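Residues 1 to 163 in my numbering are what the sequence shown spells out, letter by letter. A virtual CB, placed ideally from N, CA and C, is assigned to each residue, including glycine. Source: prediction; values computed, not measured.
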Amino acid sequence: MAGDDNTPPPPPPTSADKLIPFSITNKVPVKLSLEKHNYNSWSSFFKIHLGSLGLKSHVEEEASSSEPNPEWCKLDDLIKMWILGSLCDSLQEQVVSTPGNAKALWDHLQNLFHDNKDARAINLDNELRSIKIGNMTINDYCTKIKSMADRLKNLGSSVSEKN
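Structure below.
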């Protein structure tokens, strides 16, 4: 009989349970890569997505000193999964075992991109100045220059007008 079932009803879904089904690549269309120098655009997309869900504090603020509640931990692990899922394979392998919460992983990635950005900017600037059109079309040549200029901008540098 249906009324004799003593099984308790399942718990209601948590916020994290409601967020699990979607793929982060639909929300953050940029794969973070050391080679592409695309940290700024990746982090902008990611923060916009987190902000739309009210979760930006997981990567911007330190966790409270008190024991976090299970719901917060579940959301934080979900954000770590999203971060890892939005990285290129080689970068993912480098940081997958980063200890701590989503903020620790976020900070580790930020440091990877900003610690040696001056050296990378100099290298990229030299590459930009020595680019030759060769057998590229004008469109391909201009696209390559624009891409390199954007990468320099992502490193906090710029191409001067006189160059």
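Exercise. Is any heavy atom in the ligand NAD found nearer than 7 Å to the beta carbon of H114?
Worked result: As presented, the structure is devoid of all ligands, the ligand NAD included, so that no description of it is given.
Exercise. L165 by DSSP, collapsed to three states: which one?
Worked result: What the structure shows of the chain is the stretch from 1 to 163, and residue 165 is not part of that stretch, so it cannot be assessed.
Exercise. Quick check: the stretch 73–85 against the stretch 44–58, are there 3 or more CB pairs under 8 Å?
Worked result: A contact exists between the stretch 73–85 and the stretch 44–58.
Exercise. Considering D89, what are the terminal residues of the alpha helix (DSSP H) in which it resides?
Worked result: Per DSSP, D89 belongs to the alpha helix (DSSP H) from D89 to V95.
For this session: In the DSSP assignment, find the alpha helix (DSSP H) that holds G85 and state where it starts and stops.
Result: Counting along the chain, the unbroken alpha helix (DSSP H) around G85 starts and ends at P70 to G85.
Problem set entry | Three-state class that DSSP yields for L155 in the structure shown | In this structure, DSSP gives L155 a state outside helix and strand, which the three-state scheme calls coil.
Exercise. Would the stretch 121–131 and the stretch 143–158 be scored as touching if the rule is three or more Cβ pairs under 8 Å?
Worked result: In the pairwise beta carbon analysis, the stretch 121–131 is classified as touching the stretch 143–158: at least three pairs are separated by under 8 Å.
Exercise. L124 by DSSP, collapsed to three states: which one?
Worked result: Collapsing the DSSP output to three states places L124 in a helix.
Problem set entry | Closest Cα partner of S23 within the set V59, N139, E127 and L78 | It is L78 whose Cα lies nearest to the Cα of S23.
Problem set entry | Opening and closing residue of the alpha helix (DSSP H) in which H114 lies | Going by DSSP, H114 is part of the alpha helix (DSSP H) stretching over A102 to H114.
Exercise. Can the beta-carbon of W106 be found closer than 8 Å to that of V59?
Worked result: The answer is yes: Cβ separation under 8 Å.
Exercise. Which one of N6, H37, T25 and T7 has the shortest CA to CA distance from G156?
Worked result: When only C-alpha atoms are compared, the closest one is H37.
For this session: Note down, in chain order, each residue of its chain lying with its Cβ closer than 6 Å to the Cβ of S97, except the 5 sequence neighbours on either side.
Result: When the five nearest sequence neighbours on each side are left out, no beta carbon in the same chain lies closer than 6 Å to the beta carbon of S97.
Exercise. In three-state DSSP terms, what is A149?
Worked result: DSSP places A149 in helix when its eight states are reduced to three.
Problem set entry | 8 Å Cβ shell around T7 - same chain, five flanking residues per side excluded | Closer than 8 Å at the Cβ level, and outside the excluded window around T7, lies no residue.
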